[in-house]
Ligand code: ATR
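Residue numbers (the working numbering): 5 to 279.
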């Protein structure tokens with residue numbers, strides 16, 4: 005019998021850690037599966053996805069730059085994918101319909117609450133950035149019922165657009181948008197969802213947003229401390245995390261959706277950290 009077949013699709017894709025993460029998950033139960041990395045041509049994501057499922061593929065992860073295309077391509081979307089406007093997890097449902105889910109927000113919240121023991125409930129949270137990465141995580145953050153959630157972005161109109169979009173699911177949370185310069189009080193939690201560090205840049209937020217208790221979470225990760233986390237440490241922050249745990253947790257949620265089994269994540273996070 006052939007192994008069950010999974011893959012991650014992106015462009016570029018050679019640096020993806022997903023094949024390693026999923027093979028570590030599979031080895032926890034001794035299951036045999038094949039998880040590969042597929043580089044889709046920029047202009048033929050749809051053909052790549054169709055071909056994969058025609059070959060008997062069981063599930064796909066989707067990464068940059070195809071998450072929005074995955075969302076559009078799907079026949080149906082889960083509620084959280086619908087709000088996220090992007091999909092990182094595709095599979096065929098029992099009727100053979102291409103289904104889009106999004107596990108990024110669940111991955112972030114699980115990393116914060118379970119791995120780092122940080123409750124979001126009743127907290128004052130500052131989210132930096134208003135692109136696709138932030139849209140993907142806002143629903144699960146709001147579902148934790150923070151006291152207040154501020155989205156700050158270079159282009160303020162994009163932050164305002166996200167507040168409008170997520171207002172219906174924001175419940176009692178005080179929810180607003182602004183530019184980077186505006187927030188000037190310490191927050192309980194600051195999440196960097198900008199892609200500024202890819203260019204070695206920093207979102208120009210005031211150091212006053214960091215107090216002694218402030219938790220910093222950069223959705224990016226790298227072998228060295230990220231640019232944003234280094235800045236936060238320099239301003240006196242002491243609890244600073246990067247997005248490696250989020251990466252492993254979003255993968256674990258995809259694995260659970262596809263295979264009905266929740267793998268242990270901490271040993272996988274530890275192993276990747278030591279690579
Ligand atoms: P992603 O999928 O990573 O979210 P994106 O949708 O292009 O990518 O969004 C990138 C985010 O990082 C945006 O919030 C962007 O700000 P704008 O909306 O004003 O473009 C932010 N960003 C990118 N480079 C930045 C920089 N050098 N300084 C500050 N913010 C930056």
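Glycine included, each C-beta is placed from N, C-alpha and C at the ideal position.
- Between the beta-carbon of residue 111 and that of residue 250 there is about 5 angstroms, and that keeps the pair under the 8 angstroms contact cut.
- Closest by C-alpha distance to residue 27, out of 277, 167 and 267, is 267.
- Within the segment 67-116, the runs of beta strand (DSSP E) that reach at least 3 residues and sit entirely inside it are, in chain order, 93-96 and 102-105.
- Going by beta carbons, residue 79 and residue 103 fall inside the 9 angstroms limit.
- Along the length of the segment 112-154, whole beta strand (DSSP E) runs at least 3 residues long occupy 128-132, reported in chain order.
- Contact check between the segment 89-99 and the segment 112-120: fewer than three CB pairs, one atom from each, fall below 8 angstroms, which does not count as touching.
- Here the distance from the Cβ of residue 230 to the nearest heavy atom of the ligand ATR is not below 8 angstroms.
- Note on geometry: alpha-carbon atoms of residue 123 and residue 235 lie some 24 angstroms from one another.
- When C-beta atoms of the segment 216-232 are compared with those of the segment 156-166, fewer than three pairs fall below 8 angstroms, so the two segments do not count as touching.
- Remark: the shortest separation between the CB of residue 205 and any heavy atom of the ligand ATR falls under 8 angstroms.
- Nearest to residue 33 by alpha-carbon distance, out of 264, 68 and 275, is 264.
- The segment 174-181 makes no contact with the segment 201-208, as fewer than three CB pairs between them are under 8 angstroms.
- Annotated as distal: residue 198 and residue 216, with beta-carbon spacing of 9 angstroms or more.
- Proximity of the beta carbon of residue 184 to the ligand ATR is indicated: a heavy atom of the ligand is located closer than 8 angstroms.
- Just so you know, the alpha carbons of residue 16 and residue 107 end up roughly 21 angstroms apart.
- In this model, residue 186 and residue 174 are separated by some 22 angstroms (Cα to Cα).
- Within 8 angstroms of the C-beta of residue 198 there is at least one heavy atom belonging to the ligand ATR.
- Here residue 257 is buried: its Cβ has 16 or more other Cβ atoms, across all protein chains shown, within 10 Å.
- About 19 angstroms separates the beta carbon of residue 65 from that of residue 138, a gap too long to meet the 8 angstroms contact definition.
- In this structure, the C-beta of residue 158 approaches the ligand ATR to less than 8 angstroms from one of its heavy atoms.
- Every candidate alpha helix (DSSP H) stretch fails here, since none sits fully inside the segment 182-233 while reaching 4 residues.
- Judged by DSSP secondary structure, residue 14 falls outside any alpha helix (DSSP H) and instead within the beta strand (DSSP E) spanning 8-14.
- Inclusion of residue 109 and residue 144 in the CB contact set at 9 angstroms is warranted, their separation being smaller than that value.
- Shortest Cα-Cα distance from residue 14 to any of 44, 221, 38 and 7 involves 44.
- Not one heavy atom of the ligand ATR sits closer than 8 angstroms to the Cβ of residue 213.
- The beta-carbon distance between residue 150 and residue 127, rounded to whole angstroms, is 5 angstroms. This is short enough to meet the 8 angstroms contact definition.
- If you draw a straight line from the Cα of residue 158 to the Cα of residue 59, it is about 44 angstroms long.
- For residue 245, the uninterrupted beta strand (DSSP E) segment begins and ends at 243-245.
- Residue pairing from DSSP leaves residue 25 without any beta-bridge partner.
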